[in-house]
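Using the working numbering, read the sequence shown as starting at 805 and increasing by one per residue. The beta carbon of each residue, even a glycine, is placed where N, CA and C say it ideally should be. Since the structure comes first, as structure tokens, the remarks are kept for the end.
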Amino acid sequence: MEINLDKTLEAMSKEDKIALLTGKGLWETRDFPHFNLPSITVADGPHGLGKREANKDHSDLEGTTKAVCFPTGSALAASFDKELIYEVAKRIGEAAKSENVGTVLGPAINIKRSPLCGRNFEYLSEDPYLTGELATAYVKGMQDQSVGTSLKHFAVNNQETNRMTVDARVSERALREIYLPGFEKTIKEAQPWSVMASYNLVNGSYSTENRYLLNDILRNEWGFSGIVISDWGAVNDKVRAIAAGLNIEMPESHYADKDILKALDDGDLSEEQLNARVREILAWISKCSVADAKSDLNKEKYNRDEHHNFAQYVASQSAVLLKNNNKVLPISEKESVLALGPYLKEPRFQGGGSSSVRAYKVSGAYETLKDKDNFSFIDEVITEDLELDQDKLEQAKEAAKTNDKVVIFAGLPNSFEIEGIDRQNLKMPASQNLLIKEIAKVNPNTIVLLHKGSPVEMEWEEDVAAILDLHLGGEAVGAATAEILLGEINPSGKLAETYPFRLEDTPAFGNFPGNPKSVNYAEDIFVGYRWYDTRKIDVLYPFGHGLSYSEFEYSNLRVEEIAEFNYRVKFTLKNTSNILGKEVYQLYVAAKDSKYSRPEKELKGFGKIELNPGEEKEIELELDYRSFAIYNEDIKDWFVPSGDYEIQIGSSSRDIRLVEILKIKGDAHPLVVNSQMTLEDIIMTNNFDKVKDLFFDMCIRSNNQDFLAHMKYIDENQDKIINKEIVVGGIQEPIHYYPCYFKVADNFVENIYKKIEEGE
């Protein structure tokens, strides 16, 4: 529906406007029939529609509308498939439209700083580039159905412990290079209709009232035009929140209504600020497809069975084959197989908390495999209280000896991965570890299937023949698992996060989860593979890793410059096997011998392609300015340092197949020169464009003509200085001079000229 923003805004009283700044109940916004403003229903996501009854939350799934549960964020990201994620979001949007939901609360795109975060199963990756690309596809898929998204949780919300009170202390560089790029990319390219502000503080200010994040960056710098919604119960000071850029506090709350009126009267909050927030809400209401739809205009009924079947396909495309010794997978009809484990009949397919979906129908692998003549089963080897049934274990060991292969359905229990609680370690239940070890002792062809939303330690990894990581694969993961085991689907997923050997190796170890008041992001920009690769730490499985039943060959890398800081990268990819397969190719950029602290390499491009046996195709990717840039805190902007950059093409972060070196002439060094820097510092940083600034700092303010003469000399001869690399700045203030400083400046100039003449 169209809303006349100016007319409606003018007609509303202060009290009306204030009332619009909070919800109605748990899941709706305020309606104003006399202004023709309906309430908008919002619903949980992000991997399926979680529409709750009016006064019920996610803890009561019986009060939630049934919907198809797609694979969670950790699984979706492992597909490395933007088109696939677009289609997932499109279908969730279709479900939302059919239920008169105007905005789905997702996607969840916080960076996986530590594998212990209890909500990591919802999030996409440890890598900001991958996160941004996939989140952009999700938002476009949803909003193309005229259903809004809510990009969450903004910002630096990377743990559940003390999440409502903890202050995330993070450098500006890490903020810009790691924790914000996913949001930035999605907002600039997809314009989500809303952003959800998180519970935590960021560098001393609550996210819901953080003007720097909500106003300076989100709206002014990135051009965000939607609304900012609080996470449920996240507002602490509503007056500050409104002034900072928050639009709607959820759920319904009127505790601060009088405070807002008083702030308006006292001038602590301007009417202009209030009107800006209300105008943004009105524009959002106008966009939502259900705004005029309590009259059944949006009662399109979607095909749940088609969605379920598609969820099965998505699960099959997200599964990661971690290990496959002697090609023990796939399983042939001639091989006898024993299947067992806690998730054989009832798969673990989603995590706990607000993302929980009341699944339409759940299919376990057992339902598909039970009719296969070559499969046998042993049930309940592990009890509900996670204990190992010794009698069943002995029975399983005897059966394992007589079968060609054994498949164990293992993973993490529901209670291990849930919103509000972080994990304490990376371990699987001891009973499962023991089961796997005991079976592997008697059958070398043991295959482990993992159902979990984040990395686990695998103390039995060397003992088993194959490992298939299913993540939390949604309600149809069981059928998808059977397809992969039997070779009907060729696995093509890749890890969107690093699997470490042990917790002590992880980047945030010792600084996670911090104390109740603050957490120090001491690892800075070195998150995920940036940490492990730069510090040469061995890992269990690297970022981007994933095997296939096919084999692929990379060749013929070429890099073409198409504009300044813009390059086209081409290479050839060939399926050298006799099996149809898909490969996820990855492009990394590595700054070599950089003067700056930089990761060993960074993902800057990827894609997924299906190739027939023997087929080869030319792949093209493009790099731009940001592919080479780092964020500089002094100039508060991005810049590209000069130097050699490796363009690396690979199958994972540690399986690089092709390398080409680029020599890039970067930006002038942006660091501000000061009087503490030596001549060697200046020359090392190529910062000759700040020579005058250095003179200013080295001299007490005066109007000394001799000193000005030296500056004039530099102005007149700057083309002689390092091939015009010195750009002399303008004089902003008169210079004050004392004789003792003139000699310093004079010697400085003389030494610069000497260095130039010597060609240094």
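Using a Cβ distance threshold of 8 Å, S1057 and V999 do not count as a contacting pair. Contact between Y1435 and R923 fails: their C-beta atoms lie close to 27 Å from each other, not under 8 Å. According to the DSSP secondary-structure assignment, D1459 is paired through a beta bridge with S1456. Inside the region 998-1055, DSSP marks whole alpha helix (DSSP H) runs of 4 or more residues at positions 1042-1048, from first to last along the chain. By a beta-carbon distance limit of 8 Å, G1277 does not contact I1222. Their separation comes to about 18 Å.
Take the alpha-carbon of N1007 and the one of L1022: they are about 16 Å apart. S1398 and G1037 have their C-alpha atoms spaced approximately 45 Å apart.
Membership of I1434 in the beta strand (DSSP E) is indicated by the continuous run I1434 to N1436. For the 8 Å CB-CB criterion, Y1392 and V974 do not form a contact. The secondary-structure analysis by DSSP pairs E1424 across a beta bridge with K1374. The residues F1375 and T1376, in chain order, have a CB closer than 7 Å to that of N1360 in the same chain once the five nearest residues on each side in sequence are set aside. For F987, the uninterrupted alpha helix (DSSP H) run begins and ends at P985 to A994, by DSSP.
Its Cα nearest to that of V960, the residue V1323 stands out among G1168, V1323 and T940. By the neighbour-count criterion, in which a residue is buried when 16 or more other Cβ atoms sit within 10 angstroms of its Cβ, S1029 is exposed. For T935, the enclosing alpha helix (DSSP H) starts and ends at P932 to Q947. Here DSSP, grouped into helix, strand and coil, assigns L1361 to strand. One alpha carbon belongs to D1267, the other to E926, and they sit about 30 Å apart. Rounded to the nearest angstrom, the Cβ distance from T868 to K855 is 7 Å, consistent with a contact under 8 Å.
By the Cβ criterion, the region 894-903 is not in contact with the region 1284-1296, since fewer than three pairs of Cβ atoms, one from each stretch, lie closer than 8 Å. Inclusion of F1179 and L1148 in the CB contact set at 8 Å is not warranted, their separation being larger than that value.
With a 10 Å radius around the Cβ and a threshold of 16 neighbouring Cβ atoms, Y1003 comes out buried.
Per the coordinates, the alpha-carbon of N840 lies some 20 Å from the alpha-carbon of N1051. Sorting E1357, H838, T1338 and E1261 by C-alpha distance to the C-alpha of L1344 places E1261 at the top. Excluding five sequence positions before and after P1259, the CB atoms of its chain that fall closer than 7 Å to its own CB belong to P919, L1230, E1301, Y1303 and P1304, given in chain order. Nearest to A1087 by C-alpha distance, out of W997, S1140, A893 and V1039, is W997.
Using a C-beta cut-off of 8 Å, the region 1345-1356 makes contact with the region 1112-1131, since at least three inter-stretch Cβ pairs fall below that distance. The C-alpha of R1402 lies about 9 Å from the C-alpha of K1396. One thing to note: V951 has its Cβ no nearer than 8 Å to the Cβ of V892. Between the alpha carbons of R1108 and Y1117 lies a distance of about 14 Å. For P1403, the three-state secondary structure derived from DSSP is coil.
According to the DSSP assignment, E1387 belongs to the beta strand (DSSP E) that extends over G1385 to K1396.
As summarised for the region 1211-1291, the continuous alpha helix (DSSP H) elements at least 4 residues long and confined to that stretch are 1234-1246 and 1281-1289, given in chain order.
Close CB contacts of A978 within its chain, under the 7 Å cut and outside five residues either way in sequence, are with Y1325, D1328 and I1329 (chain order). Only residues of its own chain outside the window of five on either side were considered, and among them A1433 and Y1435 have a CB closer than 6 Å to the CB of W1442, listed in chain order. By the 16-neighbour rule on beta-carbons within 10 angstroms, G827 is buried. In the DSSP assignment, W1442 falls within the beta strand (DSSP E) that extends over D1441 to F1443.
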